[in-house]
Amino acid sequence: RQPAATAFSFRRLPFVIHLLSYDPMKHHTWAEMFKKLRLHVENQRGSITFVDPVDDPDLMTWVKDQRRQYRNLKENAGEAQESSSASNRPPGSALDTSKIRALEQIGFTWDMRHDVEWKRRFEELCEYKERNGTCMVPARCKEYPKLGRWVMTQRRQYVLMGKEGKESRMTRERLEMLNSIGFVWVVRNKTENAESSWSSNIALLQQFKM
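Each residue of the sequence shown is one higher than the last, beginning at 2 in this note's numbering.
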C-alpha cells in the first residue's frame with residue numbers, strides 16, 4: 002500500500018500537468034488581454050515610460066508574445082509586400098495593422114531599450130525649452146550633445162510616418178508628447194527665411210509709398 006502523501010500526489014497530477022501546460026493565449030482572446038494591458042497602463046500614468054506588467058505572469062507572457070510577433074512582422078515585411086495585398090498580416094505573425102495601432106495608442110513599447118533612450122532625450126528637450134524658451138535646438142548643443150541630432154531624427158521619422166509603406170519609429174503617443182511642448186516639425190532654411198524677409202520688406206515699402 003502506498004503512503005497517503007504519495008497517493009495524494011498522484012491524484013493531484015492531472016491538475017499539476019494542467020498548470021504546467023497553461024497558455025494564456027489559448028484561454029483569453031486578444032481583446033481581453035488588450036483590455037487588461039490598457040488597465041495596467043492607466044494605473045501607471047505617473048511613469049513617463051511604459052512599464053511591463055511583471056506582476057501579472059499571464060499578461061507579461063502575452064506582452065512578450067506581441068513583441069515576438071512584431072519582430073516577425075518586420076522580418077517578413079519584404080515577403081508581405083511581394084504577397085497578395087488583400088492581407089495586411091504577414092507570415093508568422095497574428096498581428097495586423099489595427100492591433101498594432103491600438104497598442105501604440107496606449108503607449109505600448111516594442112523595443113524597451115529604444116523607448117528608454119527616447120524618453121531620456123525628450124526630457125532633455127523639455128529642459129532645453131524651459132531654459133531657452135524654444136524647441137529649436139541647434140545641431141551642435143554643448144549642454145546636450147545628443148539632442149540636436151535627436152531632434153532632426155524626430156522630424157525625419159515624422160515625414161516617414163506620413164508615407165505609406167515606410168517604416169517609422171514615430172508613434173501617436175510620441176507625436177502628442179512632442180506637440181504638447183510646441184515641437185517645430187518644419188524648419189525653413191536660411192535662403193527661404195531671407196526671401197520671406199525680403200518680400201515682407203518690399204510689401205511694407207509699397208504700403209509706405211501709397
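Positions of the beta carbon are idealized from the N, C-alpha and C atoms, including for glycine.
Since this is a predicted model, take the numbers as computed values, not measurements.
For residue 158, the enclosing alpha helix (DSSP H) covers residues 148-162. Annotation for residue 70: the continuous alpha helix (DSSP H) segment containing it runs 58-76. Residue state for residue 31 is assigned as helix, using DSSP reduced to three classes.
DSSP places residue 127 within a helical segment (H, G or I) once states are collapsed to three. Assignment of residue 105 by DSSP, reduced to helix, strand and coil, places it in the helix class.
Under a 10 Å Cβ-count criterion, residue 106 is classified as exposed, with fewer than 16 other Cβ atoms of the shown protein chains found around its own Cβ. Rounded to whole angstroms, the gap between the alpha carbons of residue 113 and residue 133 is 30 Å. For residue 178, the enclosing alpha helix (DSSP H) covers residues 173-181. Comparing C-alpha distances from residue 57 to each of 40, 154, 75, 182 shows the shortest one belongs to 40.
Each residue's CA atom was taken as its position, placing residue 146 and residue 65 some 34 Å apart.
Around the C-beta of residue 110, 16 or more other C-beta atoms lie within 10 Å, and the residue is accordingly described as buried. Ranked by Cα distance from residue 101, the options 121, 126, 67 are led by 67.
Here residue 35 is not near residue 108, since their CB atoms are 8 Å or more apart. The straight-line gap separating the alpha-carbon atoms of residue 137 and residue 115 is approximately 23 Å. As the crow flies, the alpha-carbon of residue 150 is around 9 Å from that of residue 139. Secondary structure at residue 38: helix, using DSSP grouped into helix, strand and coil. Here residue 182 is not near residue 120, since their CB atoms are 8 Å or more apart. Non-local beta-carbon contacts of residue 185 in its own chain, meaning distances under 7 Å to residues more than five positions away in sequence, involve 136, 137 in chain order.
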